[in-house]
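Here the structure is laid out as structure tokens; the discussion comes afterwards.
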Amino acid sequence: KNQVEQSPQSLIILEGKNCTLQCNYTVSPFSNLRWYKQDTGRGPVSLTIMTFSENTKSNGRYTATLDADTKQSSLHITASQLSDSASYICVVSAYNAGNMLTFGGGTRLMVKP
Amino acid sequence: GAVVSQHPSRVICKSGTSVKIECRSLDFQATTMFWYRQFPKQSLMLMATSNEGSKATYEQGVEKDKFLINHASLTLSTLTVTSAHPEDSSFYICSAPSGGVGTEAFFGQGTRLTVV
Numbered sequence: 742k743n744q745v746e747q748s749p750q751s752l753i754i755l756e757g758k759n760c761t762l763q764c765n766y767t768v769s770p771f772s773n774l775r776w777y778k779q780d781t782g783r784g785p786v787s788l789t790i791m792t793f794s795e796n797t798k799s800n801g802r803y804t805a806t807l808d809a810d811t812k813q814s815s816l817h818i819t820a821s822q823l824s825d826s827a828s829y830i831c832v833v834s835a836y837n838a839g840n841m842l843t844f845g846g847g848t849r850l851m852v853k854p
Numbered sequence: 129g130a131v132v133s134q135h136p137s138r139v140i141c142k143s144g145t146s147v148k149i150e151c152r153s154l155d156f157q158a159t160t161m162f163w164y165r166q167f168p169k170q171s172l173m174l175m176a177t178s179n180e181g182s183k184a185t186y187e188q189g190v191e192k193d194k195f196l197i198n199h200a201s202l203t204l205s206t207l208t209v210t211s212a213h214p215e216d217s218s219f220y221i222c223s224a225p226s227g228g229v230g231t232e233a234f235f236g237q238g239t240r241l242t243v244v
């Protein structure tokens, strides 16, 4: 069964600090891994998308890494801002599932001043 | 970039009535769209896959007669919650892939449904 697990479930950090969110998956055969940011009451917004051959991808202060061997990914947020407070969702798709996505449970990040 | 527009963003309806939610791909065609449901502090749960010109595919446990899906064109899918009950109150989100496997999936803004 395809699964995506994220940790921690929730995280509180101070403004300006860095943090790293984790994602482990068992989706097979792997196609790509995406990180989304979801503000409360809004739809998810894409941060990064990585395929098998990509180890890292950045989008501003967000940097995602992918280790396809260990089936792990991380999302690093640098110099956090109050607006980073949101849920971050790791999503993985498999080649034989068309465009169907497997969602992680998300990490709820709160950045405090 | 490609945009998926979902309407309405919020709706309050009485028990027993039906509510229609629209999902439009604004600058690309989507032969497939996905409908999700999200409860507070939980991740998105796939309800059904909407296929243009054919019947939708529902996930196990999702009542197809209650959640009617119509994908009449390459840019529009609708989800109708029929005979709504308070337990149907939730956040509903649609998504559409911009292309084939591995391409970006764009999400609508979501619809907050409250059944009173």
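Residue numbers (the working numbering), protein chains in the order written: chain B, 742 to 854; chain V, 129 to 244.
Idealized CB from N, CA, C, for every residue including glycine.
- Taking C-alpha positions only, V:F195 is separated from V:P136 by approximately 16 Å.
- Within the model, the alpha-carbon separation for B:A827 versus V:S143 is close to 32 Å.
- Taking one beta carbon from each stretch, the segment 766-786 of chain B and the segment 141-156 of chain V have fewer than 3 pairs nearer than 8 Å; the two do not touch.
- Measuring C-alpha to C-alpha distances from B:N765 to each of B:Q747, B:T806, B:F771 identifies B:Q747 as the nearest.
- Sequence-distant Cβ neighbours of B:L762 in its own chain, meaning closer than 6 Å and more than five residues away, are L816, Y829, T848.
- In the three-state reduction of the DSSP assignment, V:S153 falls in the strand class, which pools E and B.
- When 7 Å is used as the limit between beta carbons, B:P785 is near these residues of chain V: F235, in chain order.
- Chain B has a Cβ within less than 8 Å of the Cβ of V:S171.
- B:C760 places its beta carbon 8 Å or farther from that of B:S799.
- When secondary structure is reduced to three states using DSSP, B:L752 falls in the strand class.
- When beta bridges are read from the DSSP output, B:N765 appears opposite B:E746, B:Q813.
- Shown here, B:D825 sits in a helix according to DSSP, grouped into three states.
- Within its own chain, the residues whose Cβ lies closer than 6 Å to the Cβ of V:T159, once the five positions on either side in sequence are excluded, are E180, listed in chain order.
- About 22 Å separates the beta carbons of B:T819 and B:V832, which is beyond the 8 Å limit, so they are not a contact pair.
- The beta carbons of V:S182 and V:S205 sit no closer together than 8 Å.
- The three-state secondary structure of V:D216, taken from DSSP, is helix.
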